[in-house]
Amino acid sequence: MTAQTIDIHTHIVPAEFPGRAGCAHWPSMAAAHDCHHKNVMIDGRNFRTVSDQCWNVARRAEAMAEMGIARQVLSPMPELLSYWLPRDDALVLIRHVNDSIAGMVALAPNKFIGLGGVPMQDPDAAARELERLMRDGFRGVELGSNVNGAALGDPRFEPFFAAAEELGAAVFVHALHPSGKERIVGPSGLMS
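What follows is the structure, encoded as structure tokens:
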């Protein structure tokens, strides 16, 4: 890779999450095996262990230099899109994640570009959050490949995509909770 390389597929995880008592599937952070890692906990289980490069701009910049990457497009870890949460809870969580991305971009605007998340379980709320993101300097959004089993081509999402087009927002679609996996035949764990 050359010094001009742009990595368009990099995710962030905030160092901490706001508390949300009684909300199922709400993420939290817990200590991990060394001081540069934390466990992303969801429903009391370790969903993923991540390094501090997920939230620490200096550590991320060091890793980028080692890999010869000039810029990164930052987006939420897909599980944080939280389409399965009630809209109001999802909006609190995704705004926290979006604000974390904005903070990272603000610390190194020559290194980072932001793609945020939106609560697609409510396309109108998603369009409003997209407007806020674009006003705040984001370039677009990351969307999961389906929204609670509904394909992104479902007509209910057309107003959101019309808003994205009007705003000139990039849309990055990331695999998330594949639908139809119950129809796949094969060894256990194939789709985990």
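Just so we're aligned: the sequence shown equals residues 294 to 485 in this note's numbering. In this text, a Cβ means the ideal position worked out from N, Cα and C, and glycines have one as well. Since we're looking at a predicted model, the values are computed, not measured.
DSSP state of residue i mapped onto helix, strand, coil
{"i": "residue 313", "result": "coil"}
{"i": "residue 478", "result": "coil"}
{"i": "residue 346", "result": "helix"}
{"i": "residue 470", "result": "coil"}
{"i": "residue 321", "result": "strand"}
{"i": "residue 411", "result": "coil"}
{"i": "residue 326", "result": "coil"}
{"i": "residue 455", "result": "helix"}
Cβ distance (whole Å) where residue i is taken to contact residue j below 8 Å
{"i": "residue 467", "j": "residue 320", "result": "No, residue 467 and residue 320 are not in contact; Cβ-Cβ is about 17 Å, not under 8 Å."}
{"i": "residue 384", "j": "residue 422", "result": "7 Å"}
{"i": "residue 432", "j": "residue 463", "result": "5 Å"}
{"i": "residue 304", "j": "residue 368", "result": "6 Å"}
{"i": "residue 394", "j": "residue 412", "result": "Not a contact, Cβ separation roughly 16 Å."}
{"i": "residue 418", "j": "residue 380", "result": "6 Å"}
Minimum C-alpha distance to residue i - residue among the options
{"i": "residue 391", "options": "458, 403, 377, 366", "result": "366"}
{"i": "residue 318", "options": "411, 402, 375, 419", "result": "375"}
{"i": "residue 382", "options": "469, 478, 311", "result": "311"}
Residues that residue i bridges to, as DSSP identifies them
{"i": "residue 340", "result": "For residue 340, which the question treats as bridged, DSSP gives no partner whatsoever."}
{"i": "residue 368", "result": "304"}
{"i": "residue 437", "result": "467"}
{"i": "residue 405", "result": "365"}
{"i": "residue 333", "result": "322, 341"}
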